[in-house]
Structure formats: structure tokens, C-alpha cells
Amino acid sequence: MSAFNAIGEEREIDRDEFTPGVEPQPTWCPGCGDFGVLKSLKQALPEVGKTPEEVLTVTGIGCSGKLNSYLDTYGFHTIHGRSLPVARAAKLANPELEVIAAGGDGDGYGIGGNHWIHTARENHDITYIVFNNEIFGLTKGQTSPTSPKGHKSKTQPSGSAKMPLRPLSMSLNAGASYVARTAAVNPNQAKEIIKEAIEHDGFAHVDFLTQCPTWNKDARQYVPYIDVQESDDYDFDVTDRREAAEMMHETEDVLNEGTVLTGRYYVDEDRPSYTEEKKAVGELPDEPLAERYFDDDAEWERSYDLLDRHK
Amino acid sequence: MSDDELIWRIAGGSGDGIDSTSQNFAKALMRSGLDIFTHRHYPSRIRGGHTYVEIRAADHEVQSRGDGYNFLLSLGDSFARNPQEEAFYGNEEIKPLSENLDELREGGIIVYDEGLISEEDVEAINLEERAEENNWHVFPIDLRSLAKEHGREVMRNTAGVGVTAALLDMELEHIENLMSDAMSDDILEANLEILHEAYEMTIEEYDFEHDLRAPEGTHETEQALLSGSNAIAYGAIDGGCRFISGYPMTPWTDVFTILSQNFPDMGGISEQVEDEIAAAALAVGASHAGVKAMSGSSGGGFALMSEPLGLAEMTETPLVLVESMRAGPSTGMPTKPEQGDLEFVLYTSQGDSSRVVFAPGTIEEAYEQTRLAFDIAWEYQIPTIIIYDQKLSGENTNVDVEFFDREPEPGLGTTLTEEELLEAAHDASGKFERFGYDDNEKNVSKRSLPGQKGGRYLATGNEHSPVGHISEDPDNRVYQMTRRIEKLDSIREELDEEHPSNQTYYGDETADYGIITWGSSHGAVAEAVERLNDDGHSVKGITVSDMMPFPEKEMTEFLESVDEAMVVEMNATAQFRGLIQKELGRFGEKLTSLLKYNGNPFEPAEVVEGYEVNVAEEEREPTAQVRIEPAAGD
Numbered sequence: 001m002s003a004f005n006a007i008g009e010e011r012e013i014d015r016d017e018f019t020p021g022v023e024p025q026p027t028w029c030p031g032c033g034d035f036g037v038l039k040s041l042k043q044a045l046p047e048v049g050k051t052p053e054e055v056l057t058v059t060g061i062g063c064s065g066k067l068n069s070y071l072d073t074y075g076f077h078t079i080h081g082r083s084l085p086v087a088r089a090a091k092l093a094n095p096e097l098e099v100i101a102a103g104g105d106g107d108g109y110g111i112g113g114n115h116w117i118h119t120a121r122e123n124h125d126i127t128y129i130v131f132n133n134e135i136f137g138l139t140k141g142q143t144s145p146t147s148p149k150g151h152k153s154k155t156q157p158s159g160s161a162k163m164p165l166r167p168l169s170m171s172l173n174a175g176a177s178y179v180a181r182t183a184a185v186n187p188n189q190a191k192e193i194i195k196e197a198i199e200h201d202g203f204a205h206v207d208f209l210t211q212c213p214t215w216n217k218d219a220r221q222y223v224p225y226i227d228v229q230e231s232d233d234y235d236f237d238v239t240d241r242r243e244a245a246e247m248m249h250e251t252e253d254v255l256n257e258g259t260v261l262t263g264r265y266y267v268d269e270d271r272p273s274y275t276e277e278k279k280a281v282g283e284l285p286d287e288p289l290a291e292r293y294f295d296d297d298a299e300w301e302r303s304y305d306l307l308d309r310h311k
Numbered sequence: 001m002s003d004d005e006l007i008w009r010i011a012g013g014s015g016d017g018i019d020s021t022s023q024n025f026a027k028a029l030m031r032s033g034l035d036i037f038t039h040r041h042y043p044s045r046i047r048g049g050h051t052y053v054e055i056r057a058a059d060h061e062v063q064s065r066g067d068g069y070n071f072l073l074s075l076g077d078s079f080a081r082n083p084q085e086e087a088f089y090g091n092e093e094i095k096p097l098s099e100n101l102d103e104l105r106e107g108g109i110i111v112y113d114e115g116l117i118s119e120e121d122v123e124a125i126n127l128e129e130r131a132e133e134n135n136w137h138v139f140p141i142d143l144r145s146l147a148k149e150h151g152r153e154v155m156r157n158t159a160g161v162g163v164t165a166a167l168l169d170m171e172l173e174h175i176e177n178l179m180s181d182a183m184s185d186d187i188l189e190a191n192l193e194i195l196h197e198a199y200e201m202t203i204e205e206y207d208f209e210h211d212l213r214a215p216e217g218t219h220e221t222e223q224a225l226l227s228g229s230n231a232i233a234y235g236a237i238d239g240g241c242r243f244i245s246g247y248p249m250t251p252w253t254d255v256f257t258i259l260s261q262n263f264p265d266m267g268g269i270s271e272q273v274e275d276e277i278a279a280a281a282l283a284v285g286a287s288h289a290g291v292k293a294m295s296g297s298s299g300g301g302f303a304l305m306s307e308p309l310g311l312a313e314m315t316e317t318p319l320v321l322v323e324s325m326r327a328g329p330s331t332g333m334p335t336k337p338e339q340g341d342l343e344f345v346l347y348t349s350q351g352d353s354s355r356v357v358f359a360p361g362t363i364e365e366a367y368e369q370t371r372l373a374f375d376i377a378w379e380y381q382i383p384t385i386i387i388y389d390q391k392l393s394g395e396n397t398n399v400d401v402e403f404f405d406r407e408p409e410p411g412l413g414t415t416l417t418e419e420e421l422l423e424a425a426h427d428a429s430g431k432f433e434r435f436g437y438d439d440n441e442k443n444v445s446k447r448s449l450p451g452q453k454g455g456r457y458l459a460t461g462n463e464h465s466p467v468g469h470i471s472e473d474p475d476n477r478v479y480q481m482t483r484r485i486e487k488l489d490s491i492r493e494e495l496d497e498e499h500p501s502n503q504t505y506y507g508d509e510t511a512d513y514g515i516i517t518w519g520s521s522h523g524a525v526a527e528a529v530e531r532l533n534d535d536g537h538s539v540k541g542i543t544v545s546d547m548m549p550f551p552e553k554e555m556t557e558f559l560e561s562v563d564e565a566m567v568v569e570m571n572a573t574a575q576f577r578g579l580i581q582k583e584l585g586r587f588g589e590k591l592t593s594l595l596k597y598n599g600n601p602f603e604p605a606e607v608v609e610g611y612e613v614n615v616a617e618e619e620r621e622p623t624a625q626v627r628i629e630p631a632a633g634d
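Line order of the protein sequences matches chains U and W. The first sequence begins at 1 in UniProt numbering and counts up one residue at a time. The second sequence begins at 1 in UniProt numbering and counts up one residue at a time.
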């Protein structure tokens with residue numbers, strides 16, 4: 001018998017199951033883009049057949065980090081920038097869990113940048129949603145890694161001298177096998193992209209543009225966006241690294257100039273996920289390791305068997 | 001200091017095969033029935049430099065490296081020929097001979113490789129004169145040519161072992177057997193040839209005027225030669241650990257390597273990751289998802305782990321970390337032992353953070369307390385830390401094989417099954433009251449795992465309500481905070497009842513002078529106490545392993561029973577003595593400190609001298625590189 005019966009449970013799932021029945025109400029500001037992420041997840045999860053108890057959402061710190069306070073799944077609200085290493089290990093310990101990591105642009109691209117690169121490199125089978133509002137929200141409006149050059153804030157009063165980081169290109173170069181961008185102001189596309197990301201077998205990075213009405217009124221996320229898949233002007237093959245890279249460059253060049261392009265940029269269905277790679281070299285057991293602790297018949301090897309080499 | 005023991009030192013350059021040769025020779029001595037203690041000294045260099053391994057072998061229990069040594073096999077440093085004039089590392093071929101002479105006992109034996117160490121160099125260090133003064137017996141032998149003749153130059157180690165066996169009147173049987181186990185066929189034959197040739201040649205060509213012979217001993221039971229790193233890794237395996245994540249750093253790498261090499265075969269997972277923050281965070285994630293997980297590092301890497309450590313404490317995620325100390329601050333001395341991270345490990349992480357900290361002092365304790373660390377971490381849902389040092393990590397001693405013959409303990413402690421979750425408390429929205437108010441036996445609320453039916457909750461590093469929602473409610477805060485802190489009281493009670501042996505007592509029970517130590521300094525102190533009592537003094541000793549929660553009752557009793565006590569530890573700021581005074585709030589006037597922080601561990605003679613200086617009426621400084629810190633108010 002399985003010790004994790006909520007995993008793979010087959011039944012009709014009501015969207016409301018992902019909403020906590022009692023407190024807390026979101027502390028996000030009215031008009032905040034974070035509501036858009038919450039909504040698209042609540043819509044996507046039942047549609048891909050996930051129950052609240054087989055999903056583990058792992059978040060970092062910031063407004064984005066509170067996502068799993070308002071989304072009723074198993075949740076781990078970790079510390080600033082560290083959602084990915086926690087999420088990675090949970091997936092290795094129990095590959096049958098649906099692991100979704102989320103954080104903000106400061107959290108994920110700044111303090112957690114190192115983890116992001118390595119998680120993409122290893123292609124862990126997790127979905128990573130970055131709430132990108134180009135600003136530190138919860139600490140009240142400081143420049144973030146994605147704030148445009150020249151952006152004025154309390155900590156860079158003369159305007160930022162730094163080029164903004166390019167999250168899509170970074171992720172592609174680091175090895176992510178699914179890279180997309182969507183926006184809170186485009187709920188239909190957002191839901192579809194989140195669904196694809198969850199179903200993708202590998203590291204799926206979604207740069208989710210979320211407007212910050214309180215600290216970043218100038219951000220471009222308010223202007224109309226163009227869906228690159230639906231526009232005839234942008235014809236490219238999402239499975240082709242080079243073409244995807246070129247499109248990402250173009251997108252990231254124009255983001256702060258009034259044109260927001262969203263959509264899927266890169267999908268590699270052929271690259272095995274880290275779980276598969278690790279199994280292939282014999283470093284990951286076939287059955288979820290976490291299950292083994294509940295198996296009364298499991299034979300636990302003991303150190304006594306290793307002593308021969310010391311005699 | 002008696003010579004009924006052999007302390008054999010093999011010296012050469014890093015990369016000369018000193019380590020593997022000494023491992024085999026130590027095992028051969030063990031198989032002949034002797035008790036073994038090894039000590040490894042090496043520079044932070046891959047090749048070259050002066051490195052040595054000491055093997056102490058006796059027919060009685062040996063707990064430390066001893067004082068000095070009585071047999072030197074000096075191979076010469078084959079990586080030391082520096083072509084560049086005035087290079088920083090210079091020409092060091094003579095170092096394995098010249099740098100070892102100070103500690104060689106009177107009447108000791110020197111074998112050095114004439115093939116590598118030139119006559120002029122030997123003359124330059126006045127070896128002949130010094131040998132005469134100290135009654136050393138010197139055997140210059142061309143080990144290099146002997147090895148080359150039958151195989152390759154690197155086999156001069158084997159030749160050296162052959163010479164040693166001949167000079168000490170040992171049977172070759174155990175050495176031969178070990179070589180057969182450790183070597184592949186293509187090099188075995190050549191090595192055996194060299195071994196015999198060196199042995200025969202020594203017997204034929206030299207007269208033995210020295211008295212030193214290999215002692216004889218008999219073990220009644222089978223023994224295994226293990227390091228502290230082996231013991232910690234094996235304790236983890238038997239404690240049910242099947243997930244390790246880490247980043248390489250000396251000396252922690254040993255434990256990481258041993259587990260990484262064994263886990264694939266036993267269905268475990270090992271991850272080498274981008275940094276130590278990630279390493280500890282991965283262990284937290286794996287533990288949260290239901291696997292007994294461990295991570296660790298040495299001081300510098302452990303510094304990065306203080307974030308995930310606090311997260312584990314706040315979310316009550318069980319976790320075991322190991323911290324293998326080396327000399328600090330900062331990068332310090334990577335290959336040298338020190339006990340300087342105690343306060344750091346006890347108090348790192350923000351807020352009123354608490355954890356359990358064990359400091360094993362012997363190989364057996366390292367195994368035992370690692371097992372215990374897993375039990376406690378999963379029973380009480382608290383991070384547990386094993387703090388030890390480069391010395392314990394790398395020293396090998398023989399342990400009765402039967403000691404390890406016990407069942408593994410893979411239980412997840414206070415983790416509920418799905419059946420049990422059905423009965424557990426839930427809130428109105430169906431969330432499991434993971435951090436509940438009612439179910440708080442021992443201050444521990446039960447936990448669930450992601451994927452379990454009926455166990456949904458939020459784990460957060462913020463203060464939280466029973467189901468895990470972020471909460472700033474004052475009543476809840478006081479409840480949750482108190483419950484987390486008071487876990488330590490419950491753990492102390494359990495330790496007092498079931499594991500009082502974590503503290504080791506020795507010496508004369510009725511003595512009113514006490515010596516206190518912790519961790520790997522145990523062996524040297526225990527031997528010193530024995531020697532002091534043999535010499536007619538009355539001294540008792542205690543080695544403490546429980547650093548947090550502190551064994552208040554035991555320590556109070558010990559300190560009340562003595563007039564004075566000396567705390568022996570390898571650091572410059574008397575950290576453990578500070579802990580005793582902080583925890584007990586008194587006894588400052590009774591406690592002096594004997595401190596050593598030169599990169600080398602204590603030898604028993606230094607502790608004996610520390611005692612003598614402390615109780616002697618005339619004021620004098622100890623002669624060795626140790627420091628005495630007087631009692632408060634003195």
C-alpha cells in the first residue's frame with residue numbers, strides 16, 4: 001500500500017479545493033499582479049488533474065512568497081532566494097510529488113541567482129514561476145535585478161546604472177528545457193502556460209510579469225502585450241534553441257521600450273529530466289525513496305556489512 | 001613514557017603514498033593483535049611538502065598519538081625537486097628527515113632513503129652528532145634503487161616496510177596478506193618481491209643494537225580500523241539516513257565521500273551542489289518530503305548553512321548537520337585541527353534559535369552519537385549537529401567489530417501515517433493542525449508529509465498558526481516559541497535517563513582536582529589523567545559530549561566535588577569553559593584553562609605539564625606551545 005495516497009488520486013477536482021476555506025485573506029495590494037498568478041494556478045491545477053495534496057508549492061520571501069498561504073496545497077514557505085534547493089530535494093526524495101517553486105525577481109534572480117542557474121542546468125522536473133514586477137515590493141520599492149537601467153528608487157535615487165538581467169536568455173543558456181513568459185494582465189494565456197509548464201517533464205521556467213501598482217507604477221506591464229505565438233510577425237520554432245534565443249533577445253531588448261512580448265519561447269521535450277538522468281547512472285532509486293520508510297518489509301542495509309574493508 | 005609500544009612514523013611528500021602505505025601497515029599491526037591509534041599530519045598541498053603519518057601500536061588500549069615516537073621511516077620527498085632557485089617551497093627532499101627529529105625519542109630508530117636524500121644534506125643537519133647525543137640508531141638504505149630494480153620507484157614504500165619489519169623482528173605474514181587484498185595482480189608480485197628482498201637484506205647486512213621490537217598483543221575478538229569520518233558515516237547509515245547533500249571542504253569531505261560512494265548501492269541519494277546554503281537547504285527539502293537527510297561542512301561552509309538551519313528549526317523539520325572543525329578564523333589552516341567553532345555552532349542563526357549539539361570524543365562515540373542525532377532529530381523535529389574536528393575525522397583506531405553489530409533505525413519518529421492522520425486535528429478548511437496546541441506531549445506536535453492524504457499544511461519560516469498560516473498573534477507566538485524552546489528540556493530529560501554515558505568519567509573518583517575536556521581532546525586528556533594517577537597524584541577527568549542541551553546536573557555534581565578544575569581545549573578563547581560558566585552561572589573561580597591552538601592536537605605530556613604548572617606553587621610557564629588561562633578573579 002502506498003504511503004502517499006493523495007498522489008495520483010483520480011477524481012473530479014473542484015477549483016475551490018485550492019482556496020483555503022478560512023483565513024487568511026491575501027495581504028497583496030489592490031490591483032497587484034500576484035492575484036493573477038494565484039488565479040492561473042487555481043485554474044490550471046484542476047485542469048491538469050492535480051489534487052491539492054499531491055502538489056507541493058515551495059516559495060521564497062517577498063510578496064510572491066505568500067502565494068502558498070492563499071493556495072491550498074502542501075506548502076513550504078522558505079527563506080529569501082532558497083526555494084529552488086528545497087524544491088529540488090523534495091522532488092528527488094519523492095519524484096511523484098508535483099513540485100512548483102515560486103518567488104519574485106529579487107528573490108529568484110537576485111539572492112537566489114546561483115540556485116536558479118544550477119537548477120536549470122540540472123533540468124530538475126519542477127515548475128518555477130517568477131513573479132517579475134521589476135521591483136522589490138515587500139521591502140517597499142528598491143531596485144531589483146530586472147529594473148530597467150535608469151530606474152529611480154529609494155536605494156538608487158539617481159537612477160540605476162545597471163543593465164537589467166535577462167531572465168529568459170539566462171534560463172535558456174543555463175539549460176532550462178521549458179522557458180516562457182506570461183503576464184498577469186493576460187489570464188487566459190497565463191493559465192495555458194502554467195498548465196504546459198506543470199506538464200512539462202523538466203525544468204519549466206515561467207517569467208510571470210506582475211504589475212506592482214504601489215511601488216512600480218511606470219513598469220511596462222500595463223501596456224498591451226503581444227502573444228508571440230499568435231502574431232504573424234513572429235514566426236519561429238520553439239524547439240529550436242537558436243531561434244528561441246534570438247526571439248528571447250528581441251523580447252528582452254524591447255521590454256522596457258513599450259512592447260511586451262509574451263508566450264512560449266523554448267520547449268525541449270527530448271532532454272531527459274534530472275530525475276531520469278540520475279536514475280540512468282544508478283544514483284536514484286526507481287521507487288520514491290520517501291515511500292521506503294513506510295514499507296515494513298523494506299530491507300535496510302546496515303553499516304556492519306561495510307566493515308570488511310576495515311578488518 | 002615507556003617503550004613497550006611502537007610509534008612508527010612514516011614521512012615523505014604529499015602524493016608519495018604515505019597514507020595508503022600507513023593504512024596497510026597499521027592494519028597489519030592490528031591483525032597481529034595490537035591496539036592502534038593513527039595520527040595524520042599533512043600540509044594544504046596536493047603534491048610535495050612535509051607529510052607524515054604516525055601509527056601507535058601497543059598491547060594495551062591507546063587513546064592518543066602518545067608523546068613523541070620511536071621509529072622514523074623517512075622516504076624523502078620525491079616531489080620536492082624544485083628547479084627554480086629560491087622558489088617559495090624550495091628544495092625539500094631532506095624535510096621528511098630533518099623536520100621529524102625533534103620528537104624522536106631517545107634510543108629511537110631512523111631509516112632513511114639514501115636514494116633520495118643526499119649525503120651532503122644529511123651532513124648539513126648534523127644527523128651523526130644528534131644521533132650520538134640521543135642514542136638513535138640510524139640506517140641509511142637505498143630504498144629507491146631497491147624498488148627500481150624490481151618494479152617502480154614508487155614501491156620504495158614497500159621496501160621501507162620490509163626494512164621496518166626486519167628491524168622490529170616482525171613476521172611478514174600479515175603484511176603480505178594485506179598487500180594481496182589491496183593490490184592488483186600486476187603490481188602485487190613486484191611489491192612482494194621488494195618486501196622480501198628488503199627484509200632479507202636488512203637481516204643479512206645489519207647488526208641490530210637497538211632494543212625496540214614490535215610489541216605482541218592478542219585480540220580476543222575481530223577488530224576493524226576506522227576513522228571518525230567512517231564512524232559518522234556509518235552511524236548515519238544505521239540511523240536511517242539516505243540523503244546527503246554537500247559541497248566539498250576539508251575535512252568534512254571525508255564523510256560526504258564515504259556516503260556518496262555507498263548510497264547508490266543502498267538506495268540512497270547523494271547530491272553535490274552549488275554551495276553550502278543549497279546543501280543544507282536540500283537536506284531540509286528532502287527531510288520535509290520524508291527522507292532522513294543530512295548535510296554538513298567545515299567552519300567556513302557551515303557559516304553559509306546558518307539560514308537553512310534556522311529554517312529547519314522554525315518549520316520543525318528534522319535535520320542532521322555535521323561540522324568538522326579546522327583551525328580558523330576564515331579559511332584558517334585547512335588541514336589542521338582546532339576546537340574553535342563551538343560557540344559558532346551553538347549560537348549561529350537569528351532569533352532564539354535552538355538545536356541539539358553533540359561533540360563525540362572517540363570513534364565509538366562518533367558512531368553512537370550520529371545514530372542518536374538522527375533519533376533525536378526525527379523524534380523531536382529539531383536540527384541536530386555533530387561537531388568534531390580534523391583530528392577525530394582523520395585518526396584511525398581499532399574498534400571491536402561486534403560494536404557495530406546492531407539493527408538500523410530507519411523510523412521517522414513523530415511522523416504520522418495516513419491512518420493516524422484521519423484521527424488527527426484539522427481546521428475548518430480541512431488543514432492538518434501540524435503545529436497544534438493540544439497534541440504537545442514532550443512539546444512535539446506530530447507531522448505529516450507532502451502527498452499524504454489529510455495532512456495538508458503550510459510549513460513556513462515565519463511565525464505561524466497551528467495549520468501553518470503566517471501569524472503575528474501574541475498568544476500564538478508565545479505558545480509556539482515556548483514549545484520550540486522547551487523541546488530542549490524534554491531532550492535533556494531523555495538524555496539524562498537514557499544516555500548519561502555521553503559524558504565519560506575517568507581517573508580517581510575521590511580526587512578533588514578535576515580535568516574537563518570535550519571532543520577529540522579526550523584521548524590525550526584521558527591518558528594524562530591515567531599517568532598522573534600512576535605517578536601518585538589524585539586527579540579525575542570528565543569528557544563532555546552534550547553541548548546543547550547542556551548536562552547541567554552532571555556538570556554541577558562534578559564541579560561541586562572538586563576544589564579546582566582545568567578545562568582542556570584546542571582554541572584560544574576558552575569557548576567550552578565559557579559555556580560551562582554560562583550554563584551553570586558559577587564555578588568561574590574554580591576553573592582554569594589549558595589552551596592549545598598551534599595547529600597540532602594535545603599530547604598527553606602537555607596536559608600533565610599543564611596540571612603540574614597549575615598545582616605547582618612556584619609560578620612558571622609551560623614549556624610547550626600551550627597557554628594557561630587563570631580562573632576568574634585570579
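By construction, the Cβ of each residue, glycine as well, lies at the ideal position given by its N, Cα and C atoms.
query	result
Can you check the segment 275-327 of chain W for any alpha helix (DSSP H) of at least 4 residues that lies completely inside it and give the ranges in chain order?	276-288, 299-304 and 306-315
Using 8 Å as the limit for Cβ to Cβ distance, is S69/U near chain W?	yes
Given F243/W, which residues of its chain have a CB within under 6 Å of its CB, disregarding the five upstream and five downstream residues?	I269, A286, V291 and A293
Report the three-state DSSP secondary structure of R271/U (helix, strand or coil).	coil
Helix, strand or coil, according to DSSP, for L591/W in the structure here?	strand
According to DSSP, simplified to helix, strand and coil, what is M1/W?	For M1/W, the predicted model reports a pLDDT of 39, less than 50, meaning its position is unreliable; a value from the coordinates is still stated below. It is coil, neither helix nor strand.
Please determine, among E205/W, M179/W and I187/W, the residue with the shortest C-alpha to C-alpha distance to P140/W.	E205/W
Output, in chain order, the set of chain W residues within a Cβ distance shorter than 9 Å of F4/U.	G290, E418, L449, P450, G451, Q452 and K453
Mind pulling the chain U residues with CB within less than 7 Å of P408/W?	W300 and R302
Within its chain, find whatever has a CB closer than 8 Å to the CB of D438/W; leave out the 5 residues flanking it on each side and keep chain order.	A425
Beta carbon of P604/W, beta carbon of S180/W: below 8 Å?	no
Please name the residues in the segment 381-404 of chain W whose beta-carbon is closer than 7 Å to at least one beta-carbon of chain U, in chain order.	V401 and F404
With a threshold of 8 Å between beta carbons, is F136/U in contact with chain W?	no
Under three-state DSSP, which class holds G49/W?	strand
Are there 16 or more other CB atoms within 10 angstroms of the CB of Y347/W, so buried, or fewer, so exposed?	exposed
Under 7 Å Cβ-Cβ, which residues of chain W neighbour P213/U?	Within chain W, no residue comes near P213/U; the closest Cβ sits about 22 Å away, beyond 7 Å.
Where M1/W and Y479/W are concerned, what is the direct C-alpha to C-alpha distance, given to the nearest angstrom?	Residue placement at M1/W cannot be trusted, given a pLDDT of 39 that sits under 50; what the coordinates show is reported in the next sentence. Approximately 59 Å, taken between the alpha carbons.
Helix, strand or coil for E379/W? Go by DSSP, reduced to three states.	helix
Of all the options N598/W, H464/W, N600/W and P622/W, which has the alpha carbon lying nearest to the alpha carbon of E609/W?	P622/W
A87/U CB to nearest chain W CB: under 8 Å?	yes
Give the secondary structure of G75/U by DSSP, where H, G and I count as helix, E and B as strand, and everything else as coil.	strand
Can you pull the chain W residues whose beta carbon is under 8 Å from the beta carbon of L284/U, in chain order?	I269
The beta strand (DSSP E) that contains A204/U, what's its start and end?	A204 to L209
What first and last residue would you give for the alpha helix (DSSP H) that runs through T253/W?	T253 to N262
Which same chain residues, not among the five before or five after T417/W, have their C-beta less than 7 Å away from its C-beta?	none
What residues from the segment 421-444 of chain W come within 8 Å of chain U, judged by C-beta to C-beta, listed N to C?	D427, A428, S429, G430 and K431
Along chain U, in chain order, which residues have C-beta atoms closer than 8 Å to that of R355/W?	Ordered by position in chain U, no residue passes the 8 Å Cβ test against R355/W, which lies about 16 Å from the chain.
Would you say K311/U lies against chain W (beta-carbon separation less than 8 Å)?	yes
Whose Cβ in chain W lies nearer than 7 Å to the Cβ of A290/U?	A289, G290, V291 and L449
Do D34/U and P52/U have their C-beta atoms within less than 8 Å of each other?	no
Could you have a look at S349/W and say whether DSSP puts it in helix, strand or coil?	coil
Output yes or no for whether 8 Å exceeds the beta carbon distance between L75/W and G160/W.	yes
Rounded to whole angstroms, what's the CA-CA distance from L38/U to Y70/U? Just pull it up for me.	8 Å
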